[in-house]
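First residue of the sequence shown? That's 3 in my numbering, and the numbers climb one at a time after it.
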Amino acid sequence: MLRRILSGLFLIWALGFLWFSVSLPGPAGDKATDAVIVPTGAAGRIAQGLSVLDEGLAEKMLVSGVDRDVRVGEFAAEFDVDEARMECCVTLGFSATDTRTNATESANWVSANDISSLRLVTSDWHMRRAAGELDRMLPDDVTVVRDAVISEPSVWTLFLEYNKLIASSAAGIVNL
């Protein structure tokens, strides 16, 4: 009996992993929002967030989880952002260290800036977990548009992220 239960659980996990791997989210298109939030991490995220600003699809941007040693001028130089754009529109968040604290930092920023709609920009493989964590932290009246940066993750990255998603979802259920 135990063997059947374990086999069934493994089959459910394996089918879930297959679904997770072949149906990664994609870009959001041109829906405008009040702001864009970009958790630091994989390549392409910050560039996509800045592109959203440049296209006028959002007025403000939070980059969450910036290393404490990074200076505003260094960030601006690396991503070719002029001083006026940095001053008016780009906030660097230094308090987050992982996906869960990205969500906390982002929710605090959303509240402080009276944001009612935002675009979450992160890697395709990271989107489900990042959006889930953020959804748990934000009030129900804040609209989140998921804008995934297309990548080519390794099987190992997908394996790790799928298991983190399961753990994050389970923790979210427990905290309800």
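Beta carbons are placed, not taken as given, at the ideal position from N, Cα and C, and that holds for glycine. Predicted, not measured: the structure shown is a model, and the values here were computed from it.
Report, in whole angstroms, the separation of the C-beta atoms of VAL74 and ARG121, which I expect to be a contact under 8 Å.
The pair is not a contact, with the Cβ atoms about 22 Å apart (cut-off 8 Å).
Going along the chain, which unbroken runs of the beta strand (DSSP E) with 3 or more residues stay wholly within the stretch 15-48?
The beta strand (DSSP E) runs of length 3 or more contained entirely in the stretch 15-48 are, from start to end of the chain, 37-41.
Quick one: what's got a C-beta closer than 6 Å to VAL92's C-beta in the same chain, skipping five residues either side?
MET63, listed in sequence order.
Classify MET63 as helix, strand or coil using the three-state DSSP reduction.
Strand at MET63.
Locate the beta strand (DSSP E) running through GLY95, then write down its first and last residues.
It spans 92-95 - the beta strand (DSSP E) in which GLY95 sits, taken as one unbroken run.
Cβ neighbours of THR145 in the same chain (closer than 6 Å, five flanking residues each side left out)
Only SER119 meet the Cβ criterion.
Out of MET3, LEU26, GLU57, which one is the CA nearest neighbour of ALA34?
Nearest of MET3, LEU26, GLU57 to ALA34, Cα basis: GLU57.
Shortest alpha-carbon distance to GLY174 belongs to which of VAL83, GLN50, ALA105, ALA45?
Of the candidates VAL83, GLN50, ALA105, ALA45, ALA105 places its Cα closest to the Cα of GLY174.
Just to check my reading of the structure: ALA44 and SER125 have Cβ atoms closer than 8 Å, yes? What is that Cβ distance to the nearest angstrom?
Yes, they are in contact, since the Cβ atoms of ALA44 and SER125 sit about 4 Å apart, within 8 Å.
So, do the stretch 22-41 and the stretch 147-155 have three or more beta carbon pairs nearer to each other than 8 Å?
At 8 Å Cβ cutoff, the stretches touch.
Paired residues, beta bridge with SER125 - DSSP:
Paired residue(s): VAL151.
Whole-angstrom C-beta distance between LEU94 and LEU65, which should lie under 8 Å:
Per the sequence shown, residue 65 should be read as Val rather than Leu. Rounded to whole angstroms, the Cβ separation of VAL65 and LEU94 is 5 Å, and the two are in contact under 8 Å.
Tell me whether VAL72 sits in a helix, a strand or coil according to DSSP, three-state version.
Correct three-state label for VAL72: coil.
What's the C-alpha gap between ASP84 and PHE19?
In this structure, the alpha-carbon of ASP84 lies about 42 Å from that of PHE19.
Give a yes or no on whether the C-beta atoms belonging to LEU26 and TRP127 are separated by under 8 Å.
With respect to TRP127, LEU26 sits close: the two C-beta atoms are nearer than 8 Å.
Determine the extent of the alpha helix (DSSP H) in which SER108 is found, giving its start and end residues.
Counting along the chain, the alpha helix (DSSP H) containing SER108 begins and ends at 101-114.
Inter-residue spacing [alpha-carbon to alpha-carbon] between ALA109 and LEU4:
ALA109 and LEU4 have their alpha carbons spaced roughly 43 Å apart.
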